[in-house]
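Written below as structure tokens is the structure these notes are about.
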Amino acid sequence: MNVRRIDDYTYIVDKEEGMNVPGIVYSSEELFKSIDDGSLRQVINVAKLPGIVKASYAMPDIHLGYGFPIGGVAAFDANSGIISPGGVGYDINCGVALVSTGIKFEEFKPKVREVTDDLFNEVPSGLTSRKGLKVSSSDLNEILRSGLKWAYEHDLATREDMDHTEDGGSIENTGNNVSKAAQQRGISQIGTLGAGNHFLEVQRVSQIFDNETAKKFGIEMDEVTVMVHTGSRGLGHQVATDYIRMLRESDYAIKTSDPELISVPAESVLGEKYLDAMRSAANFAFVNRQIAIHRIREVFEKHFDARPRLVYSLAHNIAKEELHMVDGERMKLIVHRKGATRAFPAGKASPPFEDTGHPVLIPGSMGTASYVLVGLPDNLEKSFGTTCHGSGRVLSRNQAVKKYAGIVEKELEQRNVYARPATKHVLYEEAPESYKNVDDVVDAVYGARLAKPVVKMIPISVVKG
DNA sequence: ATGTCC
Numbered sequence: 004m005n006v007r008r009i010d011d012y013t014y015i016v017d018k019e020e021g022m023n024v025p026g027i028v029y030s031s032e033e034l035f036k037s038i039d040d041g042s043l044r045q046v047i048n049v050a051k052l053p054g055i056v057k058a059s060y061a062m063p064d065i066h067l068g069y070g071f072p073i074g075g076v077a078a079f080d081a082n083s084g085i086i087s088p089g090g091v092g093y094d095i096n097c098g099v100a101l102v103s104t105g106i107k108f109e110e111f112k113p114k115v116r117e118v119t120d121d122l123f124n125e126v127p128s129g130l131t132s133r134k135g136l137k138v139s140s141s142d143l144n145e146i147l148r149s150g151l152k153w154a155y156e157h158d159l160a161t162r163e164d165m166d167h168t169e170d171g172g173s174i175e176n177t178g179n180n181v182s183k184a185a186q187q188r189g190i191s192q193i194g195t196l197g198a199g200n201h202f203l204e205v206q207r208v209s210q211i212f213d214n215e216t217a218k219k220f221g222i223e224m225d226e227v228t229v230m231v232h233t234g235s236r237g238l239g240h241q242v243a244t245d246y247i248r249m250l251r252e253s254d255y256a257i258k259t260s261d262p263e264l265i266s267v268p269a270e271s272v273l274g275e276k277y278l279d280a281m282r283s284a285a286n287f288a289f290v291n292r293q294i295a296i297h298r299i300r301e302v303f304e305k306h307f308d309a310r311p312r313l314v315y316s317l318a319h320n321i322a323k324e325e326l327h328m329v330d331g332e333r334m335k336l337i338v339h340r341k342g343a344t345r346a347f348p349a350g351k352a353s354p355p356f357e358d359t360g361h362p363v364l365i366p367g368s369m370g371t372a373s374y375v376l377v378g379l380p381d382n383l384e385k386s387f388g389t390t391c392h393g394s395g396r397v398l399s400r401n402q403a404v405k406k407y408a409g410i411v412e413k414e415l416e417q418r419n420v421y422a423r424p425a426t427k428h429v430l431y432e433e434a435p436e437s438y439k440n441v442d443d444v445v446d447a448v449y450g451a452r453l454a455k456p457v458v459k460m461i462p463i464s465v466v467k468g
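Residue numbering for the first sequence follows our numbering, starting at 4 and increasing by one per position.
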């Protein structure tokens, strides 16, 4: 492959045989060295898919994914292009929510353990976590169809929560294309965290880079915030499994040299069915995060005279129909963001964020800082209005366990982070050293002028699946 | 990521 560095934060993967567009990787020189050839190969494979426009993009937190790289962005002509489950990921609408509690660190400090233990109990975690909100199957169907509208009607979300959720937490779909098996897996998991890199973290605002925007986002210096990272649990995973199988068995799916990189025309029967099911799973994930938010709010209201507010809840694994300018023409596209965050800038963002741009929530690795960013004006042209989603792995889970078993808990203690993991194992898998440095990733997306830092938070305590 | 392999 032929890769050229064209400026401090932009690398071009030149078009080769079969590529419809070039690859573009936004990264610093230092971070680029940690990108493996396999994930760059995935950027190239995606560039070969039918109907892709402009470029196959990657963010500085890129790493190997199923078919498509994690940290990848690819947009396809909505009429003549494809949709691919691998371009969304198994965890459909995996995403992040941030709650600002209005409580200052000094007031919170004496209650760190007490409050964190309550959060651990109220937001079930771990691989199976089947202790979610009890709902009927007709409720589940309504959740798939209407997302947060269901939560609002059941007093589990406020109007403000909906306004502060990507797409209002409600993406239109029929709710009819999610298998019974997927529904069965999901029905007991609403409001649960899951496992792996999913977490709930209590944080302290340690730095404000942009006073005006921070104020509009409702975040103050030294305030306690709570960040939640979770997705569509077993339901989304089963939807992905179901449709990848159906695509494999279909005679019109588009197969490539990589069996994981399978896609179908977006306008085909199977393409439309997957998109519909993906939207159902996305609504499920919005409700899953909302129930966690609701319970976080209840815990803080119990311990403090507090009125916690949702800053934002967003998806970083999703495909969306959007209008973008391509070669001076307005085009309807299906934008796949896999481990990448929508970050429309001021003037282009949906209400109530027209003046600021959508908030972007960037969790660091366990025990390290997290950021709130906001999109910069040129990013629509550069990445379909997209920025990074986190740190990005550098060590596999197995490698991390081998290297850091038994020492992560001490490390967290030294950093003064109180940890409540569901199992010790997950703590080792998620050793901070197995991820890229989040500060470097944020520097790179700022350097590439995709997004700028608004606020930095440091961890106080963490609940891990 | 995931009832970590129907």
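We treat Cβ as the ideally placed atom computed from N, Cα and C, and that holds for glycine.
- Message: Closest to residue 91 by C-alpha separation, out of 362, 242 and 380, would be which residue?
- Response: 242
- Report yes if the CB atom of residue 255 is closer than 9 Å to the CB atom of residue 88, and no otherwise. no
- Continuous alpha helix (DSSP H) assignments of at least 4 residues falling wholly in the stretch 210 to 239: Runs found: 214 to 220.
- Which of helix, strand or coil does DSSP assign to residue 341? Here residue 341 sits in strand by DSSP.
- Item | residue 141 beta carbon less than 9 Å from that of residue 236 | Remark: C-beta atoms of residue 236 and residue 141 do not approach each other more closely than 9 Å.
- For residue 459, does the three-state DSSP call read helix, strand or coil? strand
- Three or more beta-carbon pairs under 8 Å between the stretch 112 to 121 and the stretch 325 to 334, yes or no? no
- Out of curiosity, what's the CA-to-CA distance linking residue 467 and residue 219? Note on geometry: alpha-carbon atoms of residue 467 and residue 219 lie some 30 Å from one another.
- Message: Is the separation between the beta-carbon of residue 471 and that of residue 167 shorter than 9 Å?
- Response: Since the displayed the chain opens at 4 and closes at 468, residue 471 lies outside it and no answer follows.
- Query: With a CB to CB cut of under 6 Å and the five nearest residues on each side skipped, what residues in its chain are close to residue 1?
  - Reply: With the chain covering 4 to 468 only, the question about residue 1 has no answer from this structure.
- Message: So residue 370 and residue 432 are supposed to be a Cβ contact under 8 Å. How far apart are they, rounded?
- Response: About 14 Å separates the beta carbons of residue 370 and residue 432, which is beyond the 8 Å limit, so they are not a contact pair.
- Could you check where the alpha helix (DSSP H) with residue 290 kicks off and where it finishes? Residues 272 to 306.
- Task: Could you name the residues that DSSP lists as bridge partners for residue 390?
- Result: 344
- Message: Buried or exposed for residue 410, going by 16 or more other Cβ atoms inside 10 Å?
- Response: exposed
- Query: Under 9 Å, do residue 298 and residue 240 count as touching if we go by C-beta distance?
  - Reply: no
- Query: Pick from 228, 289 and 313: whose alpha carbon is nearest that of residue 465?
  - Reply: The option with the nearest alpha carbon to residue 465 is 228.
- Query: Three-state secondary structure (DSSP) at residue 192?
  - Reply: DSSP places residue 192 in the coil class of the three-state scheme, outside both helix and strand.
- Query: Using the C-alpha atoms, what's the distance from residue 163 back to residue 458?
  - Reply: 21 Å
- Are residue 284 and residue 147 closer than 9 Å when you measure CB to CB? yes
- Task: Please report the Cβ distance between residue 222 and residue 302, rounded to the nearest whole angstrom; I am assuming they are in contact, meaning their Cβ atoms lie under 8 Å.
- Result: Not confirmed; about 19 Å, so no contact.
- Message: Taking a contact to mean a Cβ-Cβ separation below 9 Å, would you say residue 43 touches residue 28 in this structure?
- Response: yes
- Close-in-space but distant-in-sequence residues of the same chain around residue 280 (CB under 7 Å, 5 per side omitted): The residues are 180, 181, 242 and 246.
- From residue 191 to residue 113, what does the alpha carbon distance come to, in whole angstroms? 34 Å
- Cβ-Cβ distance between residue 50 and residue 82 below 9 Å: No, the pair does not count as a contact, with Cβ atoms beyond the cut-off.
- Quick one, which of 144, 385, 212 and 381 has its alpha-carbon nearest residue 460's? 212
- Query: What is the DSSP secondary structure of residue 324, counted as helix, strand or coil?
  - Reply: strand
- Query: Do residue 342 and residue 366 have their CB atoms nearer than 9 Å?
  - Reply: no
- If we ignore side chains and look at the alpha-carbon of each, how far apart do residue 305 and residue 311 end up? 11 Å
- Task: Report the residue ranges of all alpha helix (DSSP H) runs contained in full by the stretch 362 to 433; include only those spanning at least 4 residues, in chain order.
- Result: 382 to 386, 400 to 407, 411 to 417 and 427 to 432
- Message: Taking the alpha carbon of residue 321 as the reference point, which residue from 339, 335, 334 and 307 has its own alpha carbon closest?
- Response: 339
- Among 373, 34 and 143, the one whose alpha carbon lies nearest that of residue 209: For residue 209, the nearest C-alpha among the options comes from 373.
- For the alpha helix (DSSP H) containing residue 149, list its first residue and its last residue. Per DSSP, residue 149 belongs to the alpha helix (DSSP H) from 140 to 149.
- Beta-bridge partners of residue 99, as assigned by DSSP: 232 and 317
- Which whole-angstrom value describes the C-beta separation of residue 233 and residue 282, a residue pair presumed to lie in contact below a C-beta threshold of 8 Å? No, residue 233 and residue 282 are not in contact; Cβ-Cβ is about 18 Å, not under 8 Å.
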